[in-house]
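Remarks on the structure that follows.
Protein chains in written order, with the working numbering: chain U, 1 to 135; chain G, 1 to 85.
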């Protein structure tokens, strides 16, 4: 199986983006290529005007018994982890053009951490035969 | 791997203080710091994250550095690695 770690970011909340950024950063440190497709609510979170803001928590966080405080430490800074991943390794971030169309998001609205825009075939070609993780 | 006694007498070429950062912070700091020392140099990573010692060991094995071992300090771990590539 290919060494490439493939992530599809769908959710746009800080906790899920943090989980994804941690995987990406760890893989980059381990010298594995990382291939990321950003779609739907994650893509909305990558808009320049939102990316540094409070993106809230997923529904999981409010399920019974799991709603403990989050964000009290600097470890929740998902964007910092993702930037570091790009700095350290081979990490490509692709904006899903389908989601851009559905949500009405222009390339110029997206943070420069996005490397390119592309379709699903572009992502799957880069994914080689590696596993795809959907977050 | 080195023995505890050997580690105690070792002076690292560079200390990376990653205390207070959570996973994957210390690993990323180690990866970044490793490129600032010459091949054959020893780095020492300080971390309060209990996962760091096994993470650094796994990373060293994957990337090709020599993992020397860990010393427990007051509330943190001192993790030693020799740069090999």
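Glycine residues also receive a C-beta, built at the ideal position from the N, C-alpha and C atoms.
Treat the numbers as computed from the prediction; the structure is a model and nothing was measured.
Boundaries for residue 99 of chain U: no beta strand (DSSP E) harbours it, while the alpha helix (DSSP H) harbouring it runs 97-103, taken from the DSSP string.
Distances from the alpha-carbon of residue 87 of chain U to those of U:60, U:133, U:61 and U:31 put U:31 closest.
The beta carbon of residue 134 of chain U lies closer than 7 Å to those of 8 and 10 in the same chain, with the five residues before and after it left out. When the beta-carbon positions are compared, residue 69 of chain G and residue 84 of chain G stay at least 8 Å from each other.
Per DSSP, residue 46 of chain G is one residue of the beta strand (DSSP E) stretching across 42-47. Three or more beta-carbon pairs separated by less than 8 Å link the region 88-101 of chain U to the region 112-127 of chain U, which places the two stretches in contact. In summary, the residues of the region 57-81 of chain G whose CB is separated from some CB of chain U by less than 7 Å are 59, 62 and 63, in the order they occur in the chain. With contacts defined by Cβ atoms closer than 8 Å, residue 36 of chain U and residue 24 of chain U form a contacting pair. Residue contact with chain U for residue 24 of chain G: present (Cβ-Cβ distance below 8 Å to some residue of chain U). Closer than 7 Å at the C-beta level to chain G, one finds these residues of the region 19-38 of chain U: 22, 25, 26, 29, 30 and 31. Per DSSP, reduced to three states, the secondary structure at residue 15 of chain U is helical.
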